[in-house]
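Take a look at the structure below.
In the UniProt record's numbering, the protein residues as written are 1 to 552.
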């Protein structure tokens, strides 16, 4: 085959283009159908309320696992012996594996390792893989990991499985909220987020009950196998149904379908081949298999470096966004206190007020106030007109009033007065759950939402609830006064309110539609005048407006 030594003329290029299309009907089919693939069409199974219901159930199962491993029925107790040498056998995970309290504590937080490492990874992969499929991958890992916990033969095996549980949760935590935000009614976006986040306290509370019942009547292993069975249908669902497309991300399927036509020419007969412009030129005897493999490896390395570079650029965008940074700083301080409350609250209540059933009282208040407070915060912000500025007003106001109520509660000597004020404070504080995540989703471009949610989750755990419990313990060891230590902890809520108060005065723009103009067909060969779905007479701008522009 003779090589082309000079740049072809316009006529030659046109002839070559015609011959390629005639020799490969599949390319014509790809070009003809690419307009249909590019325009997002909802799958038959989809309705917004059905999506919210599915995500709420999955979120509840995620947090059911948190409550299950902490329950007495599953976590159990270690073997003990008295001075006379009479020993009582242990129960649950701690008893079966003869764990120390330190090892037992590691199990409760091991999932955090997988969660924190994997959240940014899944958020970055969303740019090159369908986000809905990534959720399916994560739920599959969760299913296998929880089943592995039930079959664990040793401490280290179950510890690794707990880390993988965190990997499974990471994809869902990063990507579920943007899907809900895309599909919720405009006037109810924060309320829908509130319903989703309400599943956190509900799931944990159900986990306590579920783990206790299964551990008592069957065996702690069955509790994890039950979780795997509950999650399995949703993992399968994430793979078998037609996936949804997340706003701000172009169709991955369309890109993959167009790649062969854009990069590799087709062979017209056994002896000759056409050379076309592209990153890879293939001829009858042009490039050997070894050379193709080398090119493929270099492209893989190049793609990895590009992704790392893009991740760095995206992180820089988040770190210089004052609204996002202030919002996350307030969220970190807020989570710092709630995390210590969750771990030390019952013990502090017992030592300060001599409660006989501190676990039940604190647990009950947290669950009830968590459900009603979270939902109330979402509905109130929607009634105020959901904007970033209004969200900061609600965040700072509710947190400030909640901090005053909780601080006053721990100052009282009377138990009943404490319970009333503490319940009011928790109700106000949980109202922040939906607005703080609304700000995370709407202060960045659509394509950055998964990463914004992932880094927010990483930050509130690394700097919030993970260090707060041991630090509270250190302070209590030095002060040896439960009331004073708890008041010091509660005062950090005022810091959270202060950060969010600053956010009120920052210039803020809702960026939920910033990237709509980029979501157009990447294939210049498609004639937009022949697009289906009733857009036959519309130009590109009109088609874009009717299909991709949606209110926030």
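Note that beta-carbon positions come from the ideal geometry of N, C-alpha and C, so glycine has one too. Nothing here was measured: the structure is a model prediction, and the numbers come from that model.
ask   = In terms of DSSP beta bridges, what is residue 108 paired with?
value = Residue numbering aside, residue 108 sits at position 108 when the chain shown is read from its first letter. Its beta-bridge partners do not exist; DSSP assigns none.
ask   = Run through DSSP, which three-state label would residue 88 get?
value = Looking up residue 88 in the chain shown gives position 88. In the structure shown, residue 88 sits in a strand (DSSP, three-state: E or B).
query = Does the beta-carbon of residue 173 have 16 or more other beta-carbons within 10 angstroms, so that it is buried, or is it exposed?
reply = Translated into the one-based positions of the chain shown, residue 173 becomes position 173. It is buried - the Cβ of residue 173 has at least 16 other Cβ atoms within 10 Å.
inquiry  = Let me make sure I understand the geometry here. Which of 64, 221 and 51 has the alpha-carbon closest to that of residue 367?
reply    = Counted from its first residue, the chain shown places residue 367 at position 367. Closest option to residue 367, Cα to Cα, is 64.
Inter-residue Cα distance where the pair is residue 399 and residue 432 = Residue numbering aside, residue 399 sits at position 399 when the chain shown is read from its first letter. Residue numbering aside, residue 432 sits at position 432 when the chain shown is read from its first letter. Spanning the two alpha carbons is a distance of roughly 7 Å.
query = Hey, would you say residue 139 sits closer than 7 Å to residue 231, going by beta carbons?
reply = Here the question's residue 139 lines up with position 139 in the chain shown. Here the question's residue 231 lines up with position 231 in the chain shown. Less than 7 Å divides the Cβ of residue 139 from the Cβ of residue 231.
request  = Counting only the same chain and skipping the five closest in sequence on each side, list residues whose C-beta sits under 6 Å from that of residue 401.
outcome  = What you label residue 401 is simply residue 401 of the chain shown in a count that begins at 1. These residues qualify, in order along the chain: 428.
request  = With distances taken Cα to Cα, identify the nearest neighbour of residue 98 among 115, 120 and 75.
outcome  = As a first step, residue 98 must be located in the chain shown, where it is residue number 98. Measuring from the Cα of residue 98, the nearest candidate turns out to be 75.
query = Under the rule that 16 or more other beta-carbon atoms within 10 Å means buried, what is residue 443, buried or exposed?
reply = For the purposes of this step, residue 443 is identified with residue 443 of the chain shown, where counting begins at 1. The residue in question, residue 443, is buried, as its Cβ has 16 or more Cβ neighbours within 10 Å.
ask   = So what's residue 25 in DSSP terms, helix, strand or just coil?
value = The sequence position of residue 25 within the chain shown is 25, counting from 1. Only weak support exists for where residue 25 lies, its pLDDT of 47 falling under 50; the value from the coordinates is given anyway. Correct three-state label for residue 25: helix.
query = With DSSP run on the structure shown, which of helix, strand or coil describes residue 77?
reply = What you label residue 77 is simply residue 77 of the chain shown in a count that begins at 1. Look at residue 77 here: in three-state DSSP terms it is strand.
key: Coil, strand or helix - residue 62 by DSSP   = Taking the first residue of the chain shown as position 1, residue 62 is located at position 62. Three-state DSSP puts residue 62 in a helix.
ask   = Grouping DSSP H, G and I as helix and E and B as strand, with all else coil, what is residue 338?
value = For the purposes of this step, residue 338 is taken as the residue at position 338 of the chain shown. Looking at residue 338 - three-state DSSP - the assignment turns out to be helix.
request  = Could you pull out every residue in the same chain whose Cβ sits closer than 6 Å to the Cβ of residue 149, ignoring the five residues on either side in sequence?
outcome  = Locating residue 149 in the chain shown gives position 149, where the first residue counts as 1. Non-local C-beta neighbours of residue 149 in its own chain, meaning closer than 6 Å and more than five positions away in sequence, comprise 158, 161 and 224, ordered along the chain.
ask   = Can you give the beta carbon distance from residue 441 to residue 178, rounded, assuming they're within the 8 Å contact cut?
value = For the purposes of this step, residue 441 is taken as residue 441 along the chain shown, with counting starting at 1. For the purposes of this step, residue 178 is taken as residue 178 along the chain shown, with counting starting at 1. Going by Cβ atoms, the distance from residue 441 to residue 178 rounds to 6 Å, so yes, they are a contact pair.
query = Nearest-angstrom Cα distance between residue 128 and residue 304?
reply = To locate residue 128, count along the chain shown from 1; it is residue 128. To locate residue 304, count along the chain shown from 1; it is residue 304. For residue 128 and residue 304, the distance between alpha carbons rounds to 11 Å.
query = Where in the segment 127–163 do unbroken runs of the alpha helix (DSSP H), each at least 4 residues long, occur, reported from the N-terminal end onward?
reply = With a minimum length of 4 residues, the continuous alpha helix (DSSP H) runs that stay inside the segment 127–163 are 131–150.
key: Whole runs of the alpha helix (DSSP H) within the segment 406–481, excluding any shorter than 4 residues   = Here the runs fully enclosed are 415–430, 433–442, 449–460 and 466–479.
key: Segments assigned alpha helix (DSSP H), at least 4 residues, entirely inside the segment 177–227   = Listed in chain order, the complete alpha helix (DSSP H) runs (minimum 4 residues) inside the segment 177–227 are 189–217.
query = Which class does residue 493 belong to by DSSP, given the choice of helix, strand or coil?
reply = By one-based count along the chain shown, residue 493 stands at place 493. Looking at residue 493 - three-state DSSP - the assignment turns out to be helix.
key: Bounding residues of the alpha helix (DSSP H) (the contiguous stretch that carries residue 376)   = Locating residue 376 in the chain shown gives position 376, where the first residue counts as 1. Per DSSP, residue 376 belongs to the alpha helix (DSSP H) from 358–384.
task = Take residue 406 and list the residues in its own chain whose beta-carbon comes closer than 8 Å to its own, dropping the five residues that flank it on each side.
result = Locating residue 406 in the chain shown gives position 406, where the first residue counts as 1. Setting aside the 5 residues that flank it on each side, residue 406 is surrounded in the same chain by 421, 422, 425, 426, 429, 490 and 493, each with a C-beta closer than 8 Å to its C-beta; the list follows chain order.
ask   = Given that a residue counts as buried once 16 or more other Cβ atoms are within 10 Å of its Cβ, and exposed if not, what is residue 484?
value = Counted from its first residue, the chain shown places residue 484 at position 484. Looking at its Cβ environment, which holds fewer than 16 other Cβ atoms inside 10 Å, residue 484 is exposed.
Whole-angstrom distance between residue 330 and residue 507, CA atom to CA atom = Here residue 507 is taken as the residue at index 507 of the chain shown, counted from 1. Here residue 330 is taken as the residue at index 330 of the chain shown, counted from 1. Going from the Cα of residue 507 to the Cα of residue 330 covers about 17 Å.
query = In the structure shown, what three-state DSSP assignment does residue 56 receive?
reply = The residue you call residue 56 lines up with position 56 of the chain shown. Three-state DSSP puts residue 56 in a helix.
inquiry  = Among the candidates 363, 505, 469 and 327, whose CA atom is the shortest distance from the CA of residue 496?
reply    = Counting from one through the chain shown, the residue named residue 496 turns up at place 496. Per the Cα distances, 327.
ask   = Assuming residue 68 and residue 207 make a contact with CB atoms under 8 Å, what is their CB distance in whole Å?
value = As a working note, residue 68 is residue 68 in the chain shown. As a working note, residue 207 is residue 207 in the chain shown. With 8 Å as the limit, residue 68 and residue 207 qualify as a contact, their Cβ atoms being about 4 Å apart.
message = Measuring straight from C-alpha to C-alpha, what distance separates residue 130 and residue 245?
response = For this step, residue 130 is matched to residue 130 along the chain shown. For this step, residue 245 is matched to residue 245 along the chain shown. Answer to the nearest angstrom: the Cα atoms are 7 Å apart.
key: Among 382, 306 and 472, nearest to residue 189 - alpha-carbon criterion   = Here residue 189 refers to the residue found at position 189 when the chain shown is read from its first residue. Ranking 382, 306 and 472 by Cα distance to residue 189 puts 382 first.
request  = Measure the CB-CB distance between residue 335 and residue 477 and report whether it falls below 7 Å.
outcome  = Residue mapping note: residue 335 aligns to position 335 of the chain shown, counting from 1. Residue mapping note: residue 477 aligns to position 477 of the chain shown, counting from 1. No; because the gap between Cβ atoms is not below 7 Å, this pair is not in contact.
ask   = Thinking just about the alpha-carbon of each residue, which of 436, 119 and 411 is nearest to the one in residue 392?
value = In the chain shown, counting from the first residue as 1, residue 392 sits at position 392. Closest option to residue 392, Cα to Cα, is 436.
task = Report back the beta-carbon spacing between residue 340 and residue 349 to the nearest angstrom; my notes put them in contact at under 8 Å.
result = For this step, residue 340 is matched to residue 340 along the chain shown. For this step, residue 349 is matched to residue 349 along the chain shown. Their Cβ separation, rounded to whole angstroms, is 13 Å, which puts residue 340 and residue 349 out of contact at 8 Å.
query = If you draw a straight line from the C-alpha of residue 151 to the C-alpha of residue 121, how long is it?
reply = Translated into the one-based positions of the chain shown, residue 151 becomes position 151. Translated into the one-based positions of the chain shown, residue 121 becomes position 121. Answer to the nearest angstrom: the Cα atoms are 28 Å apart.
request  = Below 6 Å CB to CB, which residues in the same chain sit around residue 449 once its five sequence neighbours on both sides are set aside?
outcome  = Residue 449 sits at position 449 when you count from the first residue of the chain shown. Here the set comprises 178 and 441.
ask   = Measuring CB to CB, does residue 57 end up less than 7 Å from residue 111?
value = For this step, residue 57 is matched to residue 57 along the chain shown. For this step, residue 111 is matched to residue 111 along the chain shown. Annotated as distal: residue 57 and residue 111, with beta-carbon spacing of 7 Å or more.
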